[in-house]
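Each remark here refers to the structure printed beneath this line.
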């Protein structure tokens, strides 16, 4: 059993946007971190999609050799309005997925990560192609989803029934987030959110962490898109049926805690809807079904009274790594930095260094893995 | 994401065709962490100095091709707009913009988020008019840029 360390190049999205750090530089950066050599990419971020061409494929493997890195996982999307004159059928989604699987295979990836919202039926329609290419399909379990929900259970049960390792799950450690990151709260404050709203979401976080947040729970019903849905609810009153109860509860909580809350104040308190409240014990039990891990983080900060030792103070990464070790997980934890967007309201000089954040996160992962 | 960066600051130009100023242009990037199939790109909410420019007068140039209307872009179902690539938004406006500083309010609409959405069928029938935040998943606010007209582009 080995826990290996890698980086999702998603972490460098901002550096790439500004062309400060392009794909080759990103790979070199990962290869330069001691003890870290796994590469994960988003296909539509890192590649000339859908076909990067043979010259690129040769270059890709040369880069892997040069920097001592290995392709671990390719993350693929599912944009169902691509054809514009109809919503893509499951078969059309599966066909895109089959193409993505072949592309992953060409680039040496052993895992394709599908979105948490991908219907299981679509995965099953691509199963034969995945097996033919010796590629595993991992469904992301992203907050506010929980490991205990039906979207995970159906995969675990299918895998155990069939004995096949083709399907698995990709826990995004944001599912162990227990309070909003300071990066996000500071961003909201600069946009004009009230101190009361930031206090209120802290209070609600504590209610949920203590296990008393059932009224605010959307983790078993839905996944992704929760922020845009809640925003629509606050402005229009409309909500997907499965979220309506929780949305109303959050609105009521905000109204009780905040004097005349603004739309932005509601959105701040609504951040508590994104918590998964999933159990580390469930991760331990499911460790054998984990294809790899998105080690999500928002902001690295020095631990209290420990100079030079870093943590993400909003995500319980220690509990997750402990559960993976106890469950005998053998595979990759890939750093996935997502705090950069919460500085993008400022000038370029004020943006975060993704390189610095990833290095600090890697030092934390090393510490937790060796603990 | 990239709300204040997705329009290039020095990209505002008038367009000159056959010696006549026919409009103006802006250079834009995907306000996201990835590229998308070009067909999903649904146009812009755009207001310059308080004057609105609807999608009907917008054209988009990407992938080495000339400006295309958003009706044509919707048909580019197998063409991809890569994350690294800058596109040029062309706006038809006889006479173009006056020299000097301009206030640009803009929102990009791309009909892509994560998988199936409750709005899918409605957006097939009628795509959302950019500006409400619909189809602006990662940059749902209207961005404000203060740009200076940099001169003329000869088409």
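Residue numbers (our numbering), protein chains in the order written: chain E, 4 to 374; chain Z, 235 to 389. Where is the CB? At the ideal position from N, CA and C, for every residue including glycine. What you are looking at is a predicted structure, and each value in this text was computed from that prediction instead of being measured.
- Taking C-beta separations shorter than 6 Å and ignoring five residues to either side along the sequence, the partners of residue 335 of chain Z in its chain run 382, following chain order.
- Between the alpha carbons of residue 26 of chain E and residue 53 of chain E lies a gap of roughly 16 Å.
- Residue pairing by DSSP leaves residue 301 of chain Z without any beta bridge partner.
- Residue burial annotation: residue 292 of chain Z is buried, with at least 16 other C-beta atoms found within 10 angstroms of its C-beta.
- The secondary-structure analysis by DSSP pairs residue 6 of chain E across a beta bridge with E:334.
- Here residue 76 of chain E carries a strand assignment [DSSP, helix/strand/coil].
- Assignment of residue 337 of chain Z by DSSP, reduced to helix, strand and coil, places it in the strand class.
- For residue 273 of chain E, the secondary structure class from DSSP, reduced to helix, strand or coil, is helix.
- If you draw a 10 Å sphere on the C-beta of residue 206 of chain E, you find fewer than 16 other C-beta atoms in it, and that means exposed.
- Straight-line spacing of the CA atoms in residue 243 of chain Z and residue 258 of chain Z works out to 14 Å.
- For residue 161 of chain E and residue 123 of chain E, the gap between their C-alpha atoms comes out near 10 Å.
- Per DSSP, residue 349 of chain Z lies in no beta strand (DSSP E) and is assigned neither H nor E.
- DSSP places residue 242 of chain E outside both helix and strand once states are collapsed to three, so it counts as coil.
- For residue 80 of chain E, the number of other beta carbons within 10 angstroms of its own is at least 16, and it is reported as buried.
- The beta carbon of residue 269 of chain Z lies closer than 7 Å to those of 314, 315, 316, 317 in the same chain, with the five residues before and after it left out.
- Three or more pairs of CB atoms, one per stretch, sit closer than 8 Å, so the stretch 165–179 of chain E contacts the stretch 131–144 of chain E.
- Residue state for residue 387 of chain Z is assigned as strand, using DSSP reduced to three classes.
- The Cβ-Cβ distance between residue 104 of chain E and residue 136 of chain E falls below 7 Å.
- DSSP, read as helix, strand or coil, puts residue 296 of chain Z in coil.
- Nearest CB-CB separation between residue 262 of chain Z and chain E: not below the 7 Å threshold.
- The DSSP-derived three-state label of residue 311 of chain E is strand.
- E:129 is the residue among E:129, E:348, E:63 whose C-alpha sits nearest the C-alpha of residue 93 of chain E.
- At least one CB of chain E lies nearer than 7 Å to the CB of residue 308 of chain Z.
- Bridge pairing for residue 381 of chain Z: Z:336 [DSSP].
- For residue 299 of chain E, the secondary structure class from DSSP, reduced to helix, strand or coil, is strand.
- Here the C-alpha atom of residue 369 of chain Z lies approximately 27 Å from the C-alpha atom of residue 357 of chain E.
- Secondary structure note for residue 256 of chain E: its alpha helix (DSSP H) is the uninterrupted segment 247–260.
- For the C-beta of residue 228 of chain E, the chain Z residues within less than 8 Å are, from N- to C-terminus, 347, 348, 351.
- At least one CB of chain Z lies nearer than 7 Å to the CB of residue 16 of chain E.
- By the Cβ test, the stretch 238–254 of chain Z is not in contact with the stretch 324–340 of chain E, since fewer than three Cβ pairs between them sit closer than 8 Å.
- Within 8 Å of the CB of residue 53 of chain E, the CB atoms of chain Z belong to 314, in sequence order along the chain.
- For the C-beta of residue 90 of chain E, the chain Z residues within less than 8 Å are, from N- to C-terminus, 350, 354, 355, 358.
- Counting other Cβ atoms within 10 Å of its Cβ, residue 5 of chain E stays below 16 and is therefore classed as exposed.
- If you check the CB distance, residue 218 of chain E and residue 252 of chain E come in under 7 Å.
- In this structure the stretch 269–288 of chain Z touches the stretch 338–353 of chain Z; the number of beta carbon pairs closer than 8 Å is three or more.
- Assignment of beta-bridge partners to residue 281 of chain Z by DSSP yields Z:286, Z:339.
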